[in-house]
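Step one of this worksheet: look at the structure below.
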Amino acid sequence: MLPFQDKNIVVLGASARGGTGWETAKLAAEQGARVTVGARGLDGVQELAGLIGGLAVRCDAAIEAEVQAMAEAAFAANGPIDVAIMAAGVPFVGMIDAIDPEDVRKAFDINYFGPFFFIKHMARRMRDGGAMAVITSTAASMPVPGYSSYGCAKAAAQVLVEHAALEYAPRDIRINAVEAGLIDTPMSKILLEHEVARKVLLKEIPLGRPVSPRQVGAACLWLCHPDAAVTGDTLNVDNGNHLRRNVQPEELPYEVMAANADASSKK
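Taking this note's numbering, the leading residue of the sequence shown gets 60, the next gets one more, and so forth.
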């Protein structure tokens, strides 16, 4: 029997083809799950749902009513939720002295309040004994100039996971975080396709390569499997990057950092 045969799994943040949420949802379906996928962009999740035979829901993680509606849709389609994985997240780049305070609020809206709303409403429609995983970032524990808003929001999400694990323990619902390192996704394409930038980045990863989106998804599903006696923890999935450090902006070519910041601002 497949590991998640007929389980009701929800993945939020799954609209980018080849992205972490996309590959996590595909892996869950391959392992037998009935999957509900959500994202702000409906076209992407509709395409994914068509590929995996799942349900697509438009859901902005920063809007509580939409997160609640996604939980209700998953429940209506497939019954009580067994597993919920929060993959939505957007980096906001800017030094403390220069960043628009509104961008700081947006960073927390998606990267902290998103997981807060997700845990709250998925738990309301989750069966006792279910599990959740929240994908965060090494920016939560390894500071990088210009990423304070993003890193602090992700760090807050990791502490939220600890509190939530205690609050939902009476229902035997386990909640964990996955602190992902450099992931080989369309979002990181600008960095990884530049020869100099790639060399600098991989130097700080002991295993010498980025993590694949599928590997992050596999870690989430492992944490959510009934055999994993883990809750309130953060799992590093970064090929060892946490044993060294995050690359600092000044170490990367200017044109790469400028392009990456511009791409982030358009998310």
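Every residue, glycine too, gets a C-beta built ideally from N, C-alpha and C. Since the model is a prediction, treat every value here as computed from it, not as a measurement.
{"Item": "Would you mind listing the beta strand (DSSP E) stretches within the region 163 to 202 that are 3+ residues and don't spill past its ends, in chain order?", "Value": "185 to 196"}
{"Item": "Can you tell me whether ASP102 is helix, strand or coil according to DSSP?", "Value": "helix"}
{"Item": "Would VAL96 and ALA75 qualify as a contact pair, given that the criterion is a beta-carbon distance under 8 Å?", "Value": "no"}
{"Item": "Ordered along the chain, which non-local residues of its own chain (more than five positions away) have a Cβ less than 6 Å from that of GLN127?", "Value": "HIS180"}
{"Item": "Can you give me the C-alpha to C-alpha distance between ALA157 and VAL163, rounded to a whole angstrom?", "Value": "11 Å"}
{"Item": "Could you tell me if GLU161 is buried or exposed, where buried requires 16 or more neighbouring beta carbons within 10 angstroms of its beta carbon?", "Value": "exposed"}
{"Item": "Grab me the residues of ARG257's own chain with a C-beta within less than 8 Å of its C-beta, minus the 5 sequence neighbours each way, in chain order.", "Value": "LEU250, LEU251"}
{"Item": "PRO229: buried (16+ other C-beta within 10 angstroms of its C-beta) or exposed?", "Value": "exposed"}
{"Item": "Can at least three beta-carbon pairs, one atom from the region 170 to 190 and one from the region 204 to 216, be found at a separation below 8 Å?", "Value": "yes"}
{"Item": "Straight-line CA distance for GLU125 to ARG99?", "Value": "10 Å"}
{"Item": "When you compare each of THR197, ASP187, ALA121, ALA135 to ILE264 by their alpha carbons, which one comes out closest?", "Value": "THR197"}
{"Item": "Just to confirm, are ALA192 and VAL237 a CB contact at a threshold of 8 Å?", "Value": "yes"}
{"Item": "Helix or strand or just coil, what does DSSP make of MET145?", "Value": "strand"}
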